[in-house]
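Here the sequence shown stands for residues 309 to 923, where the numbers follow the working numbering.
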Amino acid sequence: MCGIIGYLGDQEATPILMESLKRLEYRGYDSAGVAVLEMPAAGKANHTSITKSEAKVDMLIEKLKANMPTGKLGIGHTRWATHGKPTYVNAHPHTDCHNRIFVVHNGIIENFAELKAELQAAGHEFTSDTDTEVVPHLIEANYKGDFLSAVRAALKRIRGAYALAMFSTDDPELLIGARLNAPLVVGLGDHEYYIASDITAIIPYTKRVLVLGEGEVVAVTPLGAQVSTLDGVSVQPKLIHVDWDLSQAQKGGYRHFMLKEIHESPEAVANAMRGRLTDDGIVTFREFDVPDEEMRRYREVLLLGMGTSLHAAMVGEYIIEDWAGIPAKAMDASEFRYRRPTFSEDGSLAVVLTQSGETADTLVGLHQAKQRGARTVAVTNVVASSAARDADGAIYLHSGPEIGVASTKTLLAHLISLYLLGLRMATVHGRVSLERRHELVESLRALPDHVEGIVARENEIAKIAKKYSRYRNFMYTGRGLGYAIALEGAIKLKEISYIHAEGVTGGELKHGPIAMLDENFPVIAVCTSSATKDKMVSNVHEIVARSAPVLALVTEGDHSLDGVATDVFVMPAVEEAAGAILNTVMLQLFAYHVAVELGQDVDQPRNLAKSVTVE
Ligand code: F6R
Numbered sequence: 309m310c311g312i313i314g315y316l317g318d319q320e321a322t323p324i325l326m327e328s329l330k331r332l333e334y335r336g337y338d339s340a341g342v343a344v345l346e347m348p349a350a351g352k353a354n355h356t357s358i359t360k361s362e363a364k365v366d367m368l369i370e371k372l373k374a375n376m377p378t379g380k381l382g383i384g385h386t387r388w389a390t391h392g393k394p395t396y397v398n399a400h401p402h403t404d405c406h407n408r409i410f411v412v413h414n415g416i417i418e419n420f421a422e423l424k425a426e427l428q429a430a431g432h433e434f435t436s437d438t439d440t441e442v443v444p445h446l447i448e449a450n451y452k453g454d455f456l457s458a459v460r461a462a463l464k465r466i467r468g469a470y471a472l473a474m475f476s477t478d479d480p481e482l483l484i485g486a487r488l489n490a491p492l493v494v495g496l497g498d499h500e501y502y503i504a505s506d507i508t509a510i511i512p513y514t515k516r517v518l519v520l521g522e523g524e525v526v527a528v529t530p531l532g533a534q535v536s537t538l539d540g541v542s543v544q545p546k547l548i549h550v551d552w553d554l555s556q557a558q559k560g561g562y563r564h565f566m567l568k569e570i571h572e573s574p575e576a577v578a579n580a581m582r583g584r585l586t587d588d589g590i591v592t593f594r595e596f597d598v599p600d601e602e603m604r605r606y607r608e609v610l611l612l613g614m615g616t617s618l619h620a621a622m623v624g625e626y627i628i629e630d631w632a633g634i635p636a637k638a639m640d641a642s643e644f645r646y647r648r649p650t651f652s653e654d655g656s657l658a659v660v661l662t663q664s665g666e667t668a669d670t671l672v673g674l675h676q677a678k679q680r681g682a683r684t685v686a687v688t689n690v691v692a693s694s695a696a697r698d699a700d701g702a703i704y705l706h707s708g709p710e711i712g713v714a715s716t717k718t719l720l721a722h723l724i725s726l727y728l729l730g731l732r733m734a735t736v737h738g739r740v741s742l743e744r745r746h747e748l749v750e751s752l753r754a755l756p757d758h759v760e761g762i763v764a765r766e767n768e769i770a771k772i773a774k775k776y777s778r779y780r781n782f783m784y785t786g787r788g789l790g791y792a793i794a795l796e797g798a799i800k801l802k803e804i805s806y807i808h809a810e811g812v813t814g815g816e817l818k819h820g821p822i823a824m825l826d827e828n829f830p831v832i833a834v835c836t837s838s839a840t841k842d843k844m845v846s847n848v849h850e851i852v853a854r855s856a857p858v859l860a861l862v863t864e865g866d867h868s869l870d871g872v873a874t875d876v877f878v879m880p881a882v883e884e885a886a887g888a889i890l891n892t893v894m895l896q897l898f899a900y901h902v903a904v905e906l907g908q909d910v911d912q913p914r915n916l917a918k919s920v921t922v923e
């Protein structure tokens, strides 16, 4: 996810920006840049120097060292591409037509296309493919000599998520920050101020930090930091004293990246939906903008992925078949690549699921599907990845970087993307009523809060995990979506705790796997609301009869396993698709805490790589 930093004070800005950007590197990024308001020679107008690198911060630092801008006001950025490839022109800071207003941004501006068209019609010239560039132009369009008022007026027009740091060459002693649905903090030093997307960037300089609220703007001058709303109403911000050391700050205070990323799940779920779903359940994907008649032509859907992304594909298979009523098939990409499938000409869609966009088998599967006549779409977290480039269209996850080797938040974003695709297909095929669409929209929109609710129960989950961490074998079982989630629960446990775990359907249990069960072989059973819930309850009775301990995930209000399962974990009553997401988060936290209990290297498990770029 992008990192931003701004500085105004007594010291030279450039070295501070350079150091802060180095500390923001951990967030993951593809390019970087800074803008510094240079001290003008006597009688000359103010001048801003921009330095950018289309690659690493170290390259930016080399450039800055070779040509060091001098000035006490500056902004810097590490960019994680969301709109537009990671190129020099797309790197931030961005500016207006007259190089007067400079902006760095973290987030996604949902309505940027309409704003850009409006600004272009009014004569503004754009130089990048980014959504961010509308911000300086919009401020310019509203500028009547007062920078802060122009910023407020511009931000009122913007929908989506932003954390911004900005300055204007006309106001050499004013640094402005603003946030909506993206974090921003203001560091208070001695006669100096910092604006940053997280505390990591500024921790060596100050421990006194103001946390900006949603929709608030901060105007920083040598006299202090004034916080207000977009309507100009003054706000008393919360001042906190930070007691982190640097290494903690890299992980935002969490012990592991995996845990941090699980805690980012509510935001990942919200980001995957942002700007894509209307109140009536109409779905649009900007980079996969297929007209309805073409979408209707797809009579079959193939979903490809590996590991956790294959489990997402399996959920998608059930959803598309159920909601849209067309054949859907999930396949392990490494198997698919060696098969000789046939596709009906022009009528097949291949959905390729890959967080990194670089998994070798998945890419070959994508090429194979394309060659054989399927239309392809990559669902990926990395904008300029090979999958995004090679597929006909892309659905971006917008989850921000995932650093822990085990995929967590990006799986949730994959599932949301597939739900939206399923809803889109169901709509064009006339398989879903307006009333049902409203129900689904309501349930999807409530999901970030529900996910937050599960994450907030971490201690409860950790206690259960501690109790189960002594076992060396686990079986996970479920049916339908619950089967895909059972497989996912098992892979999470295997990869970070090295405990043997397998996933089987409830129906398959009696065809072999049940023979292994005894009092030392616990079963995690996904028994939340679904058409096959009662069948799962019967399965749990069969398991208990073999003396195996059972941890059952059940829906609140359902008492059928009380006193039967060894432990029940009660989930909120939600739509089945939403429930699959909540069950996933619970099982991720369970696996995480088992691994921590066993003292394993959670973020970098042995033998595994984040991105498997070889077959
Ligand atoms: C498991 C995990 C892996 C990946 C798999 C595919 O937690 O992270 O199983 O899901 O290697 O990776 P992507 O999605 O990058 O193609």
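In this text, a Cβ means the ideal position worked out from N, Cα and C, and glycines have one as well.
Values in this document were obtained by computation on a predicted structure and should not be read as measured data.
- Straight-line spacing of the CA atoms in residue 714 and residue 502 works out to 34 Å.
- Under the three-state reduction of DSSP output, residue 623 falls in the helix class.
- In the DSSP assignment, the residues bridged to residue 524 are 487 and 537.
- Taking every residue with its beta carbon within less than 6 Å of a heavy atom belonging to ligand 1 gives, in chain order, 614, 615, 616, 617, 662, 663, 664, 667, 670, 714, 715, 799, 803, 919 and 920.
- For residue 898, the uninterrupted alpha helix (DSSP H) run begins and ends at 884-905, by DSSP.
- The region 480-498 makes contact with the region 511-521; the number of CB pairs closer than 8 Å reaches 3 or more.
- Comparing alpha-carbon positions, the option among 725, 830 and 575 lying closest to residue 469 turns out to be 575.
- Rounded to the nearest whole angstrom, the CA to CA distance from residue 807 to residue 797 is 12 Å.
- The residues 779, 780 and 781, in chain order, have a CB closer than 8 Å to that of residue 828 in the same chain once the five nearest residues on each side in sequence are set aside.
- Here the region 469-488 makes contact with the region 404-415; the two share three or more CB pairs at distances below 8 Å.
- At a Cβ-Cβ threshold of 8 Å, residue 789 and residue 838 count as neighbours.
- Assigned with DSSP and collapsed to three states, residue 707 falls in coil, not helix or strand.
- DSSP places residue 419 outside both helix and strand once states are collapsed to three, so it counts as coil.
- A Cβ-Cβ separation of about 18 Å leaves residue 691 out of contact with residue 435 under the 8 Å criterion.
- For residue 746, the CB contacts under 8 Å within the same chain, skipping 5 residues up- and downstream, are 587, 588 and 589 in chain order.
- Its chain contains 354, 356, 379, 381, 382, 475, 477 and 480 as the residues whose beta carbon lies nearer than 7 Å to that of residue 345, once the 5 sequence neighbours on both sides are disregarded; these appear in chain order.
- Judged by DSSP in its simplified three-state form, residue 397 adopts coil rather than helix or strand.
- For residue 541, the number of other beta carbons within 10 angstroms of its own is below 16, and it is reported as exposed.
- The region 766-773 and the region 810-821 do not touch, with fewer than three beta-carbon pairs separated by less than 8 Å.
- Under the three-state reduction of DSSP output, residue 614 falls in the coil class, being neither helix nor strand.
- When C-alpha distances from residue 775 are compared across 830, 825, 755 and 736, the shortest belongs to 830.
- In this structure the region 818-825 touches the region 850-867; the number of beta carbon pairs closer than 8 Å is three or more.
- Bridge pairing for residue 314: 383 and 503 [DSSP].
- When secondary structure is reduced to three states using DSSP, residue 355 falls in the strand class.
- When DSSP states are grouped into helix, strand and coil, residue 370 belongs to the helix group.
- When secondary structure is reduced to three states using DSSP, residue 603 falls in the helix class.
- In this structure, DSSP gives residue 476 an extended state, which the three-state scheme calls strand.
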